[in-house]
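Participant: Quick one: the structure is below, and I'll ask about it shortly.
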Amino acid sequence: MSHPPPVFWEMTEEEYLRTEPLSPFKREFVAGYVYPLHGDGLYAQAGASSAHGEIVLNIAATLLGAARRQGCRVYAADMRVNTSSPTGKRVYFYPDVVVTCEPMTPESVVSQAPCLLIEVLSPSTGHTDRTDKVWAYTSLPSLQMYLIVSPSQRHLRVIERTADGWQETERRGQEAVDLACLGSTLTLDEVYAGVLS
1 MSHPPPVFWE MTEEEYLRTE PLSPFKREFV AGYVYPLHGD GLYAQAGASS
51 AHGEIVLNIA ATLLGAARRQ GCRVYAADMR VNTSSPTGKR VYFYPDVVVT
101 CEPMTPESVV SQAPCLLIEV LSPSTGHTDR TDKVWAYTSL PSLQMYLIVS
151 PSQRHLRVIE RTADGWQETE RRGQEAVDLA CLGSTLTLDE VYAGVLS
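For the sequence shown, position 194 matches number 194 in UniProt numbering, and the numbering has no gaps at all.
What follows is the structure in structure tokens.
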């Protein structure tokens with residue numbers, strides 16, 4: 001009897017960085033282990049739903065104007081972020097939306113200093129988005145906010161840096177969230193336009 005293939009495998013950081021540009025699908029790296037994201041590869045996780053994709057595009061499109069006015073950039077799904085785990089091991093993730101005000105070149109593939117990261121939950125990544133990525137993202141000195149977005153109900157989990165440390169709140173229904181790094185607001189109507197009324 002054969003067993004299903006593993007969903008992750010061991011790899012050094014150097015090997016990951018060398019092979020990631022050549023991979024037919026995106027892979028995330030967590031402390032010596034690599035696992036695939038949505039894609040066509042043998043080990044890739046199931047693709048994201050249409051709601052997931054529409055929400056990511058809604059958010060990126062909404063933030064684009066404010067980001068440009070602030071001299072910042074918005075990336076949807078293709079910009080890698082790296083940080084360290086609590087044990088000091090390196091991790092590399094591909095957030096659904098990255099906002100950064102750091103200098104970037106057309107060849108940049110990694111944001112070293114994002115100010116806002118957003119993940120839209122999916123069955124294959126939801127657990128990691130709500131757990132491992134919280135500690136990884138909040139360890140970034142530049143990060144001001146991490147948003148976790150539900151694709152099935154009008155709900156945002158907001159994890160925001162304050163003078164007293166990280167504070168967690170929620171937004172539902174018709175509410176909005178202030179985005180300090182962009183000097184703007186993101187409403188749930190903008191997030192869920194064409195997806196959930």
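Backbone N, C-alpha and C define an ideal beta-carbon position, used for all residues, glycine too.
Just so you know, these numbers come straight off a predicted model, no measurement behind them.
Spatial neighbours of L121 within its chain, please: C-beta separation below 7 Å, excluding the five flanking residues on both sides.
Facilitator: What you label residue 121 is simply residue 121 of the sequence shown in a count that begins at 1. D129, I148, V149, S150, P151, listed in sequence order.
Participant: Using the Cα positions of C101 and Y75, report the straight-line distance between them to the nearest angstrom.
Facilitator: Within the sequence shown, residue 101 is the residue found at index 101, counting from 1. Within the sequence shown, residue 75 is the residue found at index 75, counting from 1. Spanning the two alpha carbons is a distance of roughly 11 Å.
Participant: Across which residues does DSSP place R27 in a beta bridge pair?
Facilitator: Within the sequence shown, residue 27 is the residue found at index 27, counting from 1. Partner(s): P36.
Participant: Going by the DSSP bridge assignment, what does R80 pair with across the sheet?
Facilitator: Taking the first residue of the sequence shown as 1, we reach residue 80 at position 80. V110.
Participant: Quick check on G71: does DSSP put it in helix, strand or coil?
Facilitator: Indexing the sequence shown from 1 puts residue 71 at position 71. Reduced to three states, the DSSP call for G71 is coil.
Participant: Just checking my contact of M104 with R80 at CB under 8 Å: how many whole Å lie between their CB atoms?
Facilitator: To locate residue 104, count along the sequence shown from 1; it is residue 104. To locate residue 80, count along the sequence shown from 1; it is residue 80. Not confirmed; about 12 Å, so no contact.
Participant: Check whether the Cβ atoms of L186 and E175 lie closer than 8 Å to each other.
Facilitator: Locating residue 186 in the sequence shown gives position 186, counting from the first residue. Locating residue 175 in the sequence shown gives position 175, counting from the first residue. Contact: no.
Participant: Return the bridge partner residues of L179 from the DSSP annotation.
Facilitator: Within the sequence shown, residue 179 is the residue found at index 179, counting from 1. DSSP, once it has assigned bridges, lists S184 as partnering L179.
Participant: Our contact map puts P36 next to F25 with C-beta atoms below 8 Å; I'd like the distance itself, whole angstroms only.
Facilitator: Stepping through the sequence shown from its first residue, residue 36 is reached at position 36. Stepping through the sequence shown from its first residue, residue 25 is reached at position 25. Yes, they are in contact, since the Cβ atoms of P36 and F25 sit about 5 Å apart, within 8 Å.
Participant: Cβ of L143 within 8 Å of Cβ of A66?
Facilitator: Walking along the sequence shown from the start, residue 143 turns up at place 143. Walking along the sequence shown from the start, residue 66 turns up at place 66. Cβ atoms of L143 and A66: not closer than 8 Å.
Participant: Using only CA atoms, which one of R154, Y146, A163, Q153 lies nearest to L179?
Facilitator: Stepping through the sequence shown from its first residue, residue 179 is reached at position 179. The option with the nearest alpha carbon to L179 is Y146.
Participant: Just verifying my parser: in three-state terms, what is the DSSP assignment at R18?
Facilitator: Here the question's residue 18 lines up with position 18 in the sequence shown. In the structure shown, R18 sits in a helix (DSSP, three-state: H, G or I).
Participant: Thinking C-alpha only, which one of E168, G126, Y137 is nearest Y92?
Facilitator: Locating residue 92 in the sequence shown gives position 92, where the first residue counts as 1. With distances taken between Cα atoms, Y92 lies closest to Y137.
Participant: Going by C-alpha to C-alpha distance, which of D78, H52, V98 sits closest to E20?
Facilitator: To locate residue 20, count along the sequence shown from 1; it is residue 20. The residue with the shortest Cα to Cα distance from E20 is D78.
Participant: What does I59 pair with, by DSSP beta-bridge criteria?
Facilitator: Walking along the sequence shown from the start, residue 59 turns up at place 59. In DSSP, I59 forms no bridge with anything.
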